[in-house]
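Here UniProt numbering is used: position 2 in the sequence shown is 2, and no number is missing along the way.
Using N, Cα and C, we set each Cβ at its ideal position, and we do this for glycine too.
Here the structure is laid out as structure tokens; the discussion comes afterwards.
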Amino acid sequence: MARGKIQLKKIENPVHRQVTFCKRRAGLLKKAKELSVLCDAEIGVVIFSAHGKLYELATKGTMQGLIDKYSKINCGGAPPAPPAPGDQLSKERDEPQPLDPKEEIHKLKQEIEVLQKGLRYMSGGGTGTMTLDELDVLEKHLEMWIYHIRSAKMDIMFQEIQLLKNKVKINFQVFGFIWMI
């Protein structure tokens, strides 16, 4: 069954508009992740809702790192020349620069600490020791986890629906055959 073409105009009903925003935002983020995985692309998506809430996705590294990379490339005005085949310098320029091991260890330790505090919070420990920035990071992680959980649930439900449709089809064929006898 084909889907009908949707007229592109503002949805007047605020509830329908919010539902559509959430579904399409999730779809857009999913497509961005898929494109990143399939094509090994570095993708950043920034979305502001009608209420001013920020949603962002950086597939490799951080959003700030992507913005910095974009600024470096665009500050000259002209896009960089495409790399010549076998040009080692251009290959090195395109690859993300590795972080200093000490910096990377420090960032990972901070992230682990925030996640551990988040687990304590979700277990009923309260937010007494969490800063606003840590709560923001925890909120982003939770939103991403919810997105992944919902995607997995939708995939499972879709598979179950397909199995049920196949069973119904087989039953119609069997009972139709018996009916004819």
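G118 and H141 look like a contact to me (Cβ under 8 Å); what is the Cβ gap, rounded to whole Å? 7 Å
Quick one: residues in its chain with C-beta nearer than 8 Å to the C-beta of N166, no 5 flanking neighbours on either side, listed in chain order? none
So, under 8 Å CB-CB, V174 and V137 are touching, yes? Tell me the CB distance rounded to an integer number of Å. About 56 Å separates the two Cβ atoms, so there is no contact after all.
For the 8 Å Cβ check, are there 3 or more pairs between the segment 57–74 and the segment 32–47? yes
Would you kindly report the start and end of the unbroken alpha helix (DSSP H) that includes residue 215? The structure shown does not extend to residue 215, since the chain is modelled only from 1 through 181, so no value can be given for it.
In angstroms with no decimal places, state the Cα-to-Cα distance between A41 and Y70. 14 Å
Just to confirm my understanding: we take Q7, look at its own chain, exclude 5 residues before and 5 after, and list those with CB closer than 7 Å. What are they? none
DSSP-derived helix/strand/coil call for G61: coil
Using alpha carbons as the reference points, say which of V15, E134, K30 and P101 lies closest to I112. E134
Measure from the alpha carbon of H148 to the alpha carbon of each residue in G4, K33, V15 and N13, then state which is nearest. K33
Pick from I11, N13, A26 and T129: whose alpha carbon is nearest that of H152? Contrary to the premise, residue 152 reads as Ala rather than His in this sequence. Ranking I11, N13, A26 and T129 by Cα distance to A152 puts A26 first.
L38: buried (16+ other C-beta within 10 angstroms of its C-beta) or exposed? exposed
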